[in-house]
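Once you know that position 256 of the sequence shown is 256 in the UniProt record's numbering, the rest is easy, because the numbers rise by one and skip nothing. Just so you know, even glycine gets a beta-carbon here, dropped at the ideal spot from N, CA and C.
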Amino acid sequence: MTARYQTHPTTRVRGNPAHLPTHLPEQLPGDGRHGRNHQPPAGLLAPDDVRDSADLARLLEQLGCGDDLIVVSNRAPCIHSHTPDGIAAQRPAGGLVTALEAVLAKEGGCWIAHGSGDADRATCDERDHVRKLYLDAPYRLRRLWLDEDEVAGYYDGLSNEGLWPLCHRTDVEPTFRAADWEHYVRVNRRFAEAVVAEAASARPVVLVQDYHLALVPQMVRERLPEAVIVLFWHIPFPAPQRLARLPWREQVMAGLLASTVVGLQTPADLANFQLARAACAQDIGAAHVDAYPISIAWPGRQELPAPGLGDEVRRRFGIAPGVRLLVGVDRMDYTKGIPERLQAFELLLEARPELLGQVTLLQIGAPCRGALPAYQEIARQVKALTDRINARFSNHAVHGAWRPVVLHAASANAATVSDCYRASDVCLVTSLHDGMNLVAKEFVAARNDLRGALVLSRQAGAAAELEQALLVEPRDIAGIARAIGHALDMSPQEQMTRMRAMRGVVSQNTVFGWAARLLGDGMRIAAGRGARPALARLGQRAA
1 MTARYQTHPT TRVRGNPAHL PTHLPEQLPG DGRHGRNHQP PAGLLAPDDV RDSADLARLL
61 EQLGCGDDLI VVSNRAPCIH SHTPDGIAAQ RPAGGLVTAL EAVLAKEGGC WIAHGSGDAD
121 RATCDERDHV RKLYLDAPYR LRRLWLDEDE VAGYYDGLSN EGLWPLCHRT DVEPTFRAAD
181 WEHYVRVNRR FAEAVVAEAA SARPVVLVQD YHLALVPQMV RERLPEAVIV LFWHIPFPAP
241 QRLARLPWRE QVMAGLLAST VVGLQTPADL ANFQLARAAC AQDIGAAHVD AYPISIAWPG
301 RQELPAPGLG DEVRRRFGIA PGVRLLVGVD RMDYTKGIPE RLQAFELLLE ARPELLGQVT
361 LLQIGAPCRG ALPAYQEIAR QVKALTDRIN ARFSNHAVHG AWRPVVLHAA SANAATVSDC
421 YRASDVCLVT SLHDGMNLVA KEFVAARNDL RGALVLSRQA GAAAELEQAL LVEPRDIAGI
481 ARAIGHALDM SPQEQMTRMR AMRGVVSQNT VFGWAARLLG DGMRIAAGRG ARPALARLGQ
541 RAA
């Protein structure tokens with residue numbers, strides 16, 4: 001495909017780019033070279049004031065992002081599949097797509113993503129753009145096609161058998177293969193080439209998503225040196241001693257630091273990144289790095305839960321009527337601490353026999369990366385624990401149809417998950433290690449009745465914000481059991497006090513504010529340094 005704009009890697013546009021604002025701060029936080037403590041001129045919106053999509057659109061207009069804005073992600077915002085009734089579109093659940101679509105609300109933006117649906121090709125034109133007939137959005141959706149070997153190497157291999165376990169503190173060891181790295185480099189190069197092809201100017205604003213695409217910033221920078229490149233790393237960033245296990249860590253750091261801004265989830269991730277950066281050559285890149293905790297889209301006006309909602313949810317999942325309800329909502333991933341959660345519930349039932357027949361744990365476990373052995377093993381382990389607990393404590397003669405654990409090993413749509421949140425007494429988030437965990441925030445947002453309790457792992461990024469949750473160490477089985485017991489015994493007044501505080505935090509820090517802070521910092525920093533950070537030299541080119 002012919003690029004709409006190309007520039008030689010050595011080209012430098014001096015002075016302030018025409019579309020970048022001049023009312024910019026001298027300092028931004030994070031790496032000590034910048035700071036976010038300025039106030040915009042009267043009448044202008046500050047990123048920290050952004051709450052919803054309308055605020056975000058106003059800020060982007062104010063920042064001068066224009067219509068040359070490109071989002072790059074592995075996963076697409078829309079997947080098309082063949083059905084008996086024709087081609088159907090499926091949108092991933094969650095607030096991230098909503099926020100990124102708000103970023104692309106103006107005509108002219110583009111989203112580049114892997115086309116993985118069985119009808120994705122049928123919906124695209126000759127330029128691999130989804131036809132408007134199949135995409136109700138103002139932006140272009142450009143699909144990138146990967147063959148089976150590329151998916152196996154870039155996605156299953158380096159990304160999910162290598163980087164994912166490297167970045168999460170679990171018992172699963174990362175696997176690194178030279179062939180996987182070659183696929184990773186090749187696919188990142190293809191994403192970068194698509195960015196260059198879709199760019200309408202020398203200075204596009206490029207928002208890159210996650211660890212799958214760590215090399216894209218450097219590859220784009222080589223072709224579009226004036227681009228404003230913002231990369232957000234959604235998962236934990238590993239400590240230096242773990243990162244040292246990655247054979248290609250220098251190339252990955254060089255790729256990331258060619259960005260204008262690198263965003264991480266928490267101060268702990270930021271500290272790890274800065275240690276890794278300090279170990280690199282001094283001229284690796286001038287990227288600003290900071291923590292930008294991601295969030296959710298705060299719901300609009302909500303009705304209070306209908307009186308019969310709890311009974312309906314229990315019927316839907318075959319749960320005995322009238323029992324107390326614990327809910328866990330996770331991908332079936334070894335980072336989520338589901339076995340530890342089940343063991344803690346088993347210990348609670350053992351210690352408090354008066355709860356037999358009175359409380360059920362509903363575990364929604366969406367299948368995830370099922371071709372990989374580590375994910376097959378966690379699914380087997382969760383099923384075995386569920387069967388063991390049910391066999392041990394179920395007594396039809398005494399408790400009727402009651403089962404201690406109901407395992408729904410399938411995806412659930414957003415409406416069903418919301419109903420489960422609102423019908424439950426306790427939400428359990430016991431991740432062994434998590435970048436953020438938006439389930440915790442979704443549960444809080446759903447509880448406008450100010451009822452319910454949240455048991456939350458200290459090893460999830462959300463714990464830094466949701467201090468009024470019952471915080472637990474995810475490997476402390478007895479501690480989790482005590483926290484569940486506390487949650488079940490919690491008075492309505494304590495529930496209200498804790499929930500009101502948590503709702504205040506989440507409502508003031510939405511996913512739209514997250515996007516505003518990332519892009520706001522990117523635009524300001526780019527304008528302050530003439531848009532072009534030093535190109536990373538460490539590891540030289542990734543390929």
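Rounded distance between the beta-carbons of residue j and residue i, thought under 8 Å
i	j	result
Val205	Leu519	7 Å
residue 551	Phe237	Because residue 551 is not part of the residues shown, which for the chain are 1 to 543, the question remains open.
Ala76	Gly109	With a Cβ gap of about 15 Å, Ala76 and Gly109 do not count as contacting.
Pro174	Arg245	7 Å
Ser159	Val506	That belief does not hold up - the Cβ atoms of Ser159 and Val506 are roughly 29 Å apart, past 8 Å.
Met499	Val455	That belief does not hold up - the Cβ atoms of Met499 and Val455 are roughly 13 Å apart, past 8 Å.
Val313	Ala423	4 Å
His234	Gly435	5 Å
Cys78	Leu135	6 Å
Asp362	Asp425	Per the sequence shown, the amino acid found at residue 362 is Leu instead of Asp. So it is not a contact: roughly 11 Å between Cβ atoms.
Lys106	Asp67	5 Å
Ala278	Val262	About 14 Å; that fails the 8 Å criterion.
Start and end residues, beta strand (DSSP E) containing residue i
i	result
Trp233	Where Trp233 is concerned, there is no enclosing beta strand (DSSP E), given that its DSSP letter is neither H nor E.
Gly108	Unbroken run through Gly108: none, as it is neither H nor E.
Ala366	359-366
Ile525	Here Ile525 belongs to no beta strand (DSSP E); instead the alpha helix (DSSP H) covers 511-528.
Ala291	288-291
Val406	405-408
Inter-residue Cα distance where the pair is residue i and residue j
i	j	result
Trp111	Pro138	11 Å
Gly461	Asn437	7 Å
Glu350	Gln343	10 Å
Arg369	Leu44	45 Å
Tyr154	Ala194	17 Å
Ala526	Leu231	14 Å
Leu450	His80	38 Å
His129	Arg121	9 Å
Arg341	His212	29 Å
Gly485	Val289	41 Å
Gln241	Thr98	36 Å
Ile319	Val439	22 Å
Arg447	Tyr421	7 Å
Gly528	Arg177	41 Å
residue 544	Ile378	Not covered by the structure: residue 544. The range shown for the chain is 1 to 543.
Ala197	Ser411	36 Å
Glu161	Leu372	8 Å
Ala229	Gly522	The question names Ala, yet the displayed sequence has Ile at residue 229. Cα-Cα distance, rounded: 7 Å.
Ala152	Asn74	14 Å
Val185	Gln468	43 Å
Ala192	Val72	9 Å
Leu243	Arg249	7 Å
Arg58	Leu215	31 Å
Phe317	Arg131	39 Å
Buried versus exposed, by CB contacts within 10 Å (16 or more), residue i
i	result
Pro307	exposed
Gln493	exposed
Val398	exposed
Leu104	buried
Gln27	The pLDDT assigned to Gln27 is 38, lower than 50, so where the model puts this residue is not dependable, and the model offers no usable value.
residue 544	The question about residue 544 has no answer, for the chain in this structure spans 1 to 543.
Gly365	buried
Asp48	exposed
Glu354	exposed
Asp180	buried
His168	buried
Enclosing alpha helix (DSSP H) for residue i [first to last residue]
i	result
Gln241	240-243
Thr497	492-508
Val417	414-423
Ser53	53-63
Thr386	373-393
Asp489	477-489
Gln459	Where Gln459 is concerned, there is no enclosing alpha helix (DSSP H), given that its DSSP letter is neither H nor E.
residue 546	For the chain, the structure presents residues 1 to 543; residue 546 sits outside this window and is missing.
Cys167	164-167
is_contact[residue i, chain B] using C-beta, thresh 7 Å
i	result
Tyr139	You won't find chain B in this structure, because it holds only one protein chain.
Beta strand (DSSP E) runs wholly inside the segment 310-346, at least 3 long, in chain order: Fully enclosed beta strand (DSSP E) runs of 3 or longer: 324-331.
Let me know the beta strand (DSSP E) ranges lying completely inside the segment 122-148, each 3 residues or longer, listed in chain order. 140-144
Return the chain-ordered ranges of every beta strand (DSSP E) run that is complete within the segment 183-211 and spans a minimum of 3 residues. If we require 3 residues or more, the beta strand (DSSP E) runs fully inside the segment 183-211 come out as 205-209.
Minimum length 3: unbroken beta strand (DSSP E) runs contained in the segment 76-103: 79-83, 86-90
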